[in-house]
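Residues in the sequence shown are numbered consecutively from 124, following this note's numbering.
C-beta: ideal position from N, C-alpha, C; glycine also.
Since this is a predicted model, take the numbers as computed values, not measurements.
Before any comments, here is the structure.
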Amino acid sequence: MLSYRNTQKEIEDSGVDTAIIPLGSTEQHSSHLPIGTDAMVIEKIAEKVAEHFNALLLPVLPVSTCYEHKGKKGSCWMRPSTYYQMLQDIVLCLRSQGFKKVFLLVGHGGIFIAGPATRELNAMYDDISVIKVDPTITPEMRDVLDNKDAEIHAGESETSMVLYLFEDLVKKDLMMHNDCQPDVPRDILNTVPIHRISPTGAWGKSSFASVEKGEKLFNLRVKAYIEYIENALKLIGDNHNAW
């Protein structure tokens, strides 16, 4: 695996043609998790994925489009149109250097604009393949969780992974009191910020979290990202782009 810790010459001499961009977010994660949770977790996942594919791992993009956390100090976002252009500019920069594949590893569920940005890049440029992978919950992950309701934000799943990766950053006393399971559909966040429906800023049950669950969930998430990319590459075949 290569990363931003390597020199330009090392990257050039390696002949690497695959780059990975972790997409994070900086936003409130209730009172028990750091605001950098999404960026920190996806960066760790991306390291494992980059090792598997022998790819160049670029630095995590820590700010995205988390309007749903508006009103909470420390949450940072940009307009979707800005993010769209920024993401495409980075990919096209890599394309100009000879990269043939770019994997976008999404670490925040609210980066919806990454989909259209990826779709347009693949439709317009035949010499590069862009694969976007979202943080979906697989049946295997669901089996690890005790909470069978929707785990969307700062709940059992996310808190467990931070406990496993960065245990010293979790406020364990507060973790036990931040459970909130709103009885509304997820897309209500297109209309109102999360604090309107959750007094704790969480959507899930952090009190169920544990280090052991976090290790299992982290490894399953790495597996899911790798399998998604491998299946996409099979569909692409020998072509640089399947469109």
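- Counting along the chain, no beta strand (DSSP E) covers P203; the unbroken alpha helix (DSSP H) around it starts and ends at P203 to S219.
- In terms of Cβ geometry, I234 and L156 do not form a close pair [threshold 8 Å].
- In this structure, the beta-carbon distance from E279 to S321 does not fall below 8 Å.
- Using a Cβ distance threshold of 8 Å, S198 and K224 do not count as a contacting pair.
- Pairwise C-beta distances place the segment 310-326 in contact with the segment 178-195, as three or more of them are shorter than 8 Å.
- Taking a cut-off of 8 Å for Cβ pairs, the segment 286-305 and the segment 153-168 touch, as three or more such pairs fall below it.
- If you draw a straight line from the Cα of L288 to the Cα of V183, it comes to about 16 Å.
- When secondary structure is reduced to three states using DSSP, L227 falls in the strand class.
- Under the DSSP assignment, I143 falls in the beta strand (DSSP E) whose first and last residues are T141 to L146.
- Around L286, the same chain offers V293, A332, S333, V334 and G337 as residues with beta carbons nearer than 7 Å, after the five sequence neighbours per side are excluded.
- K336 sits in a helix when the DSSP states are folded into three classes.
- Relative to G221, the option among L179, Y127 and W326 whose CA is nearest is L179.
- Here DSSP, grouped into helix, strand and coil, assigns I251 to coil.
- The criterion of a C-beta distance shorter than 8 Å is not satisfied by L181 and I236.
- Going by DSSP, M264 is part of the alpha helix (DSSP H) stretching over P262 to V267.
- Here DSSP, grouped into helix, strand and coil, assigns G238 to helix.
- Contact between the segment 338-350 and the segment 257-275 is present: 3 or more CB-CB pairs across the two stretches fall below 8 Å.
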